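Trainee: Residue numbers (the working numbering): 2 to 218.
Even glycine gets a Cβ: it sits at the ideal position worked out from N, Cα and C.
Remember, predicted model here, so these are calculated numbers, not experimental data.
One structure is given below, represented as structure tokens, and several questions about it will come after.
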């Protein structure tokens, strides 16, 4: 089944406005269930405005109600006359200079949520090189301590339609995500803060509060 228009925005709306399961939303939008959970946890699609699939004729309210009542049911996309998104021409993606500092965050996000994407696909989406991708995946990047996985679509590094197309190609090539092997990169990239310790100055060690010190009359 083809995904709906603007799958991620649709997923945001479904998470916020329905009681559908993560699996149902993931199946309908073609996204990974961990990414749907990330939307619900406020880690993915932050600030993205949800797209009502009923408003553009892609879902009927009765279809949503049917699937809310049966967790095993799957949403069926309605046929629509809306034109398909225009695909960009082939070639490396140009990223504005102001956005280039965000590339490591976008790469880390794709490595975390979409391990099925090849380095070549990530490089084309973000406009980066294989050595950079490898260093982020292996956590040997010079700025690893500051890298935080962020959605490359949300921060303007690539378009949702291009990401969806790359994921679809990866799945057709037989590269499926291994959910059990996925672990958040951010846990390793962000250093743990040491707990603050309370320490009494040495000069106050012999001071007694609330009473007279020894030797006083």
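Got a sec? Which residues, its chain only, sit under 6 Å from residue 17 by beta carbon, not counting five neighbours each side?
Mentor: Result list for residue 17: 51, in chain order.
Trainee: When you compare the CB positions of residue 65 and residue 133, do they come within less than 7 Å of one another, or not?
Mentor: No, the Cβ-Cβ distance between residue 65 and residue 133 is not below 7 Å.
Trainee: For residue 61 and residue 37, I'd like the C-alpha separation in whole angstroms.
Mentor: Cα to Cα, the separation comes out at about 21 Å.
Trainee: Using the three-state DSSP reduction, which class does residue 115 fall into: helix, strand or coil?
Mentor: DSSP places residue 115 in coil when its eight states are reduced to three.
Trainee: Does DSSP put residue 14 in a helix, in a strand, or in coil?
Mentor: Note: residue 14 maps to helix in three-state DSSP.
Trainee: If you draw a straight line from the alpha carbon of residue 32 to that of residue 8, how long is it in whole angstroms?
Mentor: Whole-angstrom Cα-Cα distance: 8 Å.
Trainee: Cβ of residue 9 within 6 Å of any heavy atom in the ligand ZN?
Mentor: The ligand ZN is not part of this structure, which contains no ligands at all.
Trainee: Report yes if the CB atom of residue 131 is closer than 7 Å to the CB atom of residue 120, and no otherwise.
Mentor: Yes; because the gap between Cβ atoms is below 7 Å, this pair is in contact.
Trainee: Can you name, in chain order, every residue of its own chain whose Cβ lies under 7 Å from the Cβ of residue 77, other than the five neighbours on each side?
Mentor: Taken in chain order, the residues that qualify are 64.
Trainee: Cα separation between residue 149 and residue 125?
Mentor: In a straight line, the C-alpha of residue 149 is about 20 Å away from that of residue 125.
Trainee: Could you spell out the range, first to last residue, of the alpha helix (DSSP H) harbouring residue 121?
Mentor: Looking at the DSSP string, the run of the alpha helix (DSSP H) that includes residue 121 is 120-127.
Trainee: Can residue 156 and residue 127 be called in contact, C-beta distance under 7 Å?
Mentor: No. Outside cutoff.
Trainee: At the level of alpha carbons, what is the spacing between residue 163 and residue 145?
Mentor: Rounded to the nearest angstrom, the two C-alpha atoms are 26 Å apart.
Trainee: Helix, strand or coil for residue 36, going by three-state DSSP, please let me know.
Mentor: It is helical.
Trainee: Can you tell me which of the three DSSP states residue 159 falls into?
Mentor: In the structure shown, residue 159 sits in coil (DSSP, three-state: anything other than H, G, I, E or B).
Trainee: Going by DSSP in three states, residue 28 sits in which element: helix, strand or coil?
Mentor: Three-state DSSP puts residue 28 in a helix.
Trainee: Given a threshold of 16 other Cβ atoms within 10 Å of its Cβ, counted over all protein chains shown, does residue 169 qualify as buried or as exposed?
Mentor: That one is exposed.
Trainee: Of the choices 102, 113, 13, 117, whose alpha-carbon is the least far from that of residue 167?
Mentor: Measuring from the Cα of residue 167, the nearest candidate turns out to be 117.
Trainee: Give me the residue from 104, 57, 111, 5 with the minimum Cα distance to residue 129.
Mentor: Nearest option by C-alpha distance: 104.
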